[in-house]
């Protein structure tokens with residue numbers, strides 16, 4: 001049995017470009033397949049629009065564009081991760097959602113000066129799980145305007 | 001025991017009881033001799049006392065108790081009702097309200113009420129010095145057989161002579177009953193509807209504190225039969241056994257051990273029996289009303305919103321099912337889908353109705369406010385409320401309170417004159433303020449009418465000039481109505497001096513903008529010397545609006561019908577140019593065109609047409625023509641917000657979900673008209 005008292009974090013791992021990222025599971029409401037997005041005019045370029053999430057109008061952010069990565073056409077793998085933080089509910093478009101895993105808190109290190117292409121601001125830390133390197137996102141910063 | 005789960009219910013009910021007390025006290029002031037009203041107040045106060053004692057709020061219970069004593073004095077004609085006494089009682093009610101608020105805010109409901117208690121005591125003693133001795137209560141344990149004191153015996157005897165039956169009831173609660181005090185309360189309620197509980201063993205206090213095992217005895221005076229009582233009680237949940245036995249008075253007399261029972265309580269009951277004898281038809285209706293009002297449950301509005309969201313999804317899927325059924329053309333499937341459609345439209349009506357609340361919930365705090373205001377200002381005001389049962393969406397109800405308070409204060413402060421002025425101008429001393437609500441079409445109207453001084457055209461114009469709201473040239477052609485509208489302008493206040501009541505710098509402009517933000521309008525009409533009338537028009541609900549769906553390239557947008565004047569197809573060559581802008585001549589008026597395609601940066605597949613589709617919208621007096629690609633049609637849609645992430649998107653006021661499950665944005669026309 002897993003002891004969950006701050007020593008282990010349960011995270012959702014997802015892929016963006018060729019790197020693996022992770023978000024604490026308590027932020028994640030659901031994971032959806034890509035669906036029709038209604039464009040909302042005159043918003044930031046990374047705001048793709050809004051979707052109908054079971055009757056609730058939910059804004060969608062393309063994480064690739066948020067981080068300034070080149071955009072690719074959506075595929076069968078593309079997912080929308082619905083996250084909720086404070087009183088906001090937002091969907092994040094990612095290349096693929098991989099799995100849920102536990103990472104020991106001790107394996108999380110502060111972000112090194114240069115890691116991948118994502119600005120250090122958005123990163124909470126980096127965790128090494130076996131041979132995988134997971135970049136833990138700082139959701140508050142990502143959703144900041 | 002953990003009471004927290006009942007706290008919410010307690011708070012809500014306490015508020016209701018306080019409201020009832022407030023209302024009845026006002027009635028009492030008008031008719032000080034009407035003991036029915038005192039009884040009503042007494043009943044509310046008594047319930048409040050019982051509930052707060054059960055919940056462990058001692059201060060609340062004590063103050064209510066003291067208030068009860070005064071009411072009791074009034075009821076027994078030991079104290080006569082005067083405005084001064086009522087002021088103290090009102091003060092006590094204010095304290096009670098403050099305590100409830102404190103409890104609701106997570107506090108302990110403690111409050112320094114010594115002064116009021118002292119005052120109440122003085123009132124009580126000043127007129128009835130003897131009554132205090134009667135209050136000592138006996139809480140020692142009593143064997144589970146009822147004995148009746150001399151006094152009780154007399155009461156029972158009297159009741160019997162008047163054709164009431166007396167029953168002794170043994171109630172046994174289930175062993176696993178969790179909330180005994182609540183059940184006791186329900187049992188008492190049930191019995192009080194049928195008659196009057198004269199005595200209980202163990203005493204009420206102990207029952208309320210759950211100091212009993214599973215059984216208790218009650219003596220009841222009623223006109224109902226034993227069977228009826230039995231049925232009533234068995235309806236209360238967690239009651240295991242009920243025994244109703246007619247009470248043999250003579251036998252009782254012999255075994256009756258004179259017991260020092262709490263006489264104060266008994267006196268009340270004696271009085272109630274008295275009152276039963278004089279039973280009036282009004283009394284009956286009052287009781288029935290309360291019974292009907294009790295058959296409600298409270299649901300968090302958020303849950304209703306979720307229910308509505310889910311229901312809409314169901315409607316979308318229903319649409320798909322209908323489509324599939326048509327394609328497959330399978331008779332049984334068709335039939336089922338048809339049934340489902342019918343049921344779901346019934347459901348929709350019900351869900352929408354659940355959100356409707358009578359405006360009464362807002363109106364019922366006004367009588368008290370008006371009384372206080374009138375007293376402060378030394379004016380005599382009679383508030384008439386008409387149509388309090390008119391229903392409005394809960395979201396509108398929440399917002400409408402403050403503007404109404406403002407308008408009422410305004411009517412009393414500026415409208416109604418002081419009694420001597422009124423007399424001098426040949427009006428009755430007492431001014432009348434009418435608050436009226438009614439439905440008409442898809443709107444609710446609320447009117448505030450006073451028979452006061454009215455609005456003086458000259459004074460308004462002078463003020464408007466002073467404040468620079470209007471220029472000297474502008475004055476000449478204004479109609480009276482246009483002049484009155486000036487009082488809604490920002491920075492306008494006609495009060496000669498700043499009083500405590502209005503003229504705090506927050507003017508009618510705030511009222512106007514609040515109402516407009518609700519999608520409503522406010523207008524005023526007045527006749528000098530006769531009075532003024534403010535009328536507010538509000539949409540029935542904020543969540544459903546009528547829109548015109550339009551298409552711009554591949555995208556669909558919704559334009560609220562409330563801001564549309566009309567739609568038109570205009571030939572390209574009819575577009576004119578003026579001030580660097582494309583305009584059209586619309587019924588003799590120059591209307592600027594707004595190309596939504598450009599404003600909304602719609603990805604365009606360039607395709608020029610001979611004619612353009614224009615939606616003419618307005619904001620106040622100004623107009624604009626929104627250029628779209630095509631009209632889809634009119635529809636009722638459910639208004640939704642874009643969420644907290646996307647705040648203040650330019651020219652978009654919200655979104656809605658269309659029949660195909662896709663989101664369409666709702667255009668905020670006000671932002672597009674300069």
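Residue numbers (full-length UniProt numbering), protein chains in the order written: chain D, 1 to 145; chain F, 1 to 674. Where is the CB? At the ideal position from N, CA and C, for every residue including glycine.
Quick one, are the C-beta atoms of residue i and residue j less than 8 Å apart?
{"i": "residue 691 (chain F)", "j": "residue 165 (chain F)", "result": "Here chain F has residues from 1 to 674 only, and residue 691 (chain F) is not among them."}
{"i": "residue 232 (chain F)", "j": "residue 194 (chain F)", "result": "yes"}
{"i": "residue 673 (chain F)", "j": "residue 652 (chain F)", "result": "no"}
{"i": "residue 18 (chain F)", "j": "residue 96 (chain F)", "result": "yes"}
{"i": "residue 142 (chain D)", "j": "residue 15 (chain D)", "result": "no"}
{"i": "residue 53 (chain D)", "j": "residue 81 (chain D)", "result": "no"}
{"i": "residue 190 (chain F)", "j": "residue 242 (chain F)", "result": "no"}
{"i": "residue 452 (chain F)", "j": "residue 411 (chain F)", "result": "yes"}
{"i": "residue 93 (chain F)", "j": "residue 22 (chain F)", "result": "yes"}
{"i": "residue 636 (chain F)", "j": "residue 544 (chain F)", "result": "yes"}
{"i": "residue 526 (chain F)", "j": "residue 484 (chain F)", "result": "yes"}
{"i": "residue 675 (chain F)", "j": "residue 355 (chain F)", "result": "Here chain F comprises residues numbered 1 to 674, so residue 675 (chain F) is not present and cannot be evaluated."}
{"i": "residue 655 (chain F)", "j": "residue 614 (chain F)", "result": "no"}
{"i": "residue 362 (chain F)", "j": "residue 391 (chain F)", "result": "no"}
{"i": "residue 584 (chain F)", "j": "residue 625 (chain F)", "result": "yes"}
{"i": "residue 61 (chain D)", "j": "residue 92 (chain D)", "result": "yes"}
{"i": "residue 629 (chain F)", "j": "residue 551 (chain F)", "result": "yes"}
{"i": "residue 475 (chain F)", "j": "residue 450 (chain F)", "result": "no"}
{"i": "residue 174 (chain F)", "j": "residue 240 (chain F)", "result": "yes"}
{"i": "residue 623 (chain F)", "j": "residue 564 (chain F)", "result": "no"}
Starting from residue i, find everything on chain F with Cβ-Cβ shorter than 9 Å and list it in chain order.
{"i": "residue 63 (chain D)", "result": "None at all; the shortest Cβ gap to chain F is about 14 Å."}
{"i": "residue 143 (chain D)", "result": "645"}
Identify the contact partners of residue i in chain D, using a Cβ-Cβ distance below 8 Å as the criterion.
{"i": "residue 310 (chain F)", "result": "54 and 55"}
{"i": "residue 655 (chain F)", "result": "38, 50 and 57"}
{"i": "residue 650 (chain F)", "result": "41 and 42"}
Give the interface partners of residue i over in chain D, defined as CB-CB distance under 9 Å, in chain order.
{"i": "residue 664 (chain F)", "result": "38"}
{"i": "residue 36 (chain F)", "result": "Per Cβ cutoff of 9 Å: no residues; residue 36 (chain F) is ~49 Å from chain D at best."}
{"i": "residue 399 (chain F)", "result": "In chain order: nothing, as chain D lies at least about 20 Å away."}
How would you list, in chain order, the residues of chain D whose beta-carbon sits under 7 Å from the beta-carbon of residue i?
{"i": "residue 661 (chain F)", "result": "52"}
{"i": "residue 313 (chain F)", "result": "54 and 55"}
Meets three-Cβ-pair contact criterion under 8 Å: the stretch 400 to 415 of chain F and the stretch 457 to 466 of chain F: no
At least 3 beta-carbon pairs within less than 8 Å: the stretch 535 to 551 of chain F vs the stretch 579 to 594 of chain F: no
Residues of the stretch 40 to 57 of chain D whose Cβ lies closer than 9 Å to any Cβ of chain F, in chain order: 40, 41, 42, 43, 47, 49, 50, 51, 52, 54, 55, 56 and 57
Contained beta strand (DSSP E) runs [length at least 3] in the stretch 217 to 246 of chain F, N- to C-terminal order: 239 to 246
Those runs of the beta strand (DSSP E) which lie wholly inside the stretch 154 to 180 of chain F and span at least 3 residues: 165 to 173
Contact list for the stretch 73 to 103 of chain D against chain F, Cβ threshold 7 Å: Per Cβ criterion, the list reads 87, 88, 89 and 90.
Validate contact between the stretch 202 to 210 of chain F and the stretch 156 to 164 of chain F using beta carbons, cut 8 Å, 3 pairs: no
Touch test, the stretch 379 to 387 of chain F against the stretch 430 to 438 of chain F, Cβ-Cβ under 8 Å, three pairs minimum: A contact exists between the stretch 379 to 387 of chain F and the stretch 430 to 438 of chain F.
Residues from the stretch 319 to 348 of chain F in contact with chain D, defined by Cβ distance under 8 Å: none
Segment contact flag, the stretch 129 to 139 of chain D with the stretch 101 to 110 of chain D, C-beta cutoff 8 Å, min 3 pairs: yes
Chain-ordered residues of the stretch 630 to 643 of chain F with a beta carbon less than 8 Å from chain D: Under the 8 Å Cβ criterion, the stretch 630 to 643 of chain F contributes 640, 641, 642 and 643.
Proximal residues, the stretch 592 to 612 of chain F versus chain D, C-beta separation under 7 Å: Listed in sequence order: 600 and 601.
Short-range partners of chain D found in the stretch 544 to 555 of chain F, where Cβ spacing is below 9 Å: 555
Touching by the beta-carbon criterion (3+ pairs, under 8 Å), the stretch 79 to 94 of chain F and the stretch 23 to 30 of chain F: yes
Continuous beta strand (DSSP E) assignments of at least 3 residues falling wholly in the stretch 392 to 468 of chain F: Counting only runs of 3 or more, we get 431 to 440 and 443 to 450.
Complete beta strand (DSSP E) runs within the stretch 639 to 668 of chain F (minimum length 3 residues, chain order): 652 to 657 and 663 to 667
Alpha helix (DSSP H) segments (min. 4 residues) lying fully within the stretch 325 to 388 of chain F: For the stretch 325 to 388 of chain F, whole alpha helix (DSSP H) runs of length 4 or above, ordered along the chain, are 331 to 354, 360 to 363 and 366 to 377.
Inter-stretch contact (C-beta, 8 Å, three-pair minimum) for the stretch 632 to 646 of chain F and the stretch 9 to 25 of chain D: Taking one beta carbon from each stretch, the stretch 632 to 646 of chain F and the stretch 9 to 25 of chain D have fewer than 3 pairs nearer than 8 Å; the two do not touch.
The stretch 49 to 65 of chain D contacting the stretch 294 to 310 of chain F, beta-carbon criterion three pairs below 8 Å: yes
The stretch 36 to 43 of chain F in contact with the stretch 67 to 83 of chain F per 3-pair CB rule at 8 Å: yes
Completely contained beta strand (DSSP E) runs for the stretch 517 to 541 of chain F, where each covers 3 or more residues: For the stretch 517 to 541 of chain F, whole beta strand (DSSP E) runs of length 3 or above, ordered along the chain, are 521 to 527 and 531 to 539.
Sufficient close CB pairs (3 or more, under 8 Å) joining the stretch 72 to 79 of chain D to the stretch 42 to 49 of chain D: no
In chain order, each beta strand (DSSP E) run of at least 3 residues that lies wholly inside the UniProt domain "CheW-like" (8 to 145) of chain D: 8 to 16, 19 to 24, 28 to 33, 47 to 53, 56 to 62, 79 to 85, 88 to 94, 96 to 104, 123 to 129 and 132 to 137
In chain order, each alpha helix (DSSP H) run of at least 4 residues that lies wholly inside the UniProt domain "HPt" (1 to 103) of chain F: 4 to 30, 35 to 55 and 58 to 75
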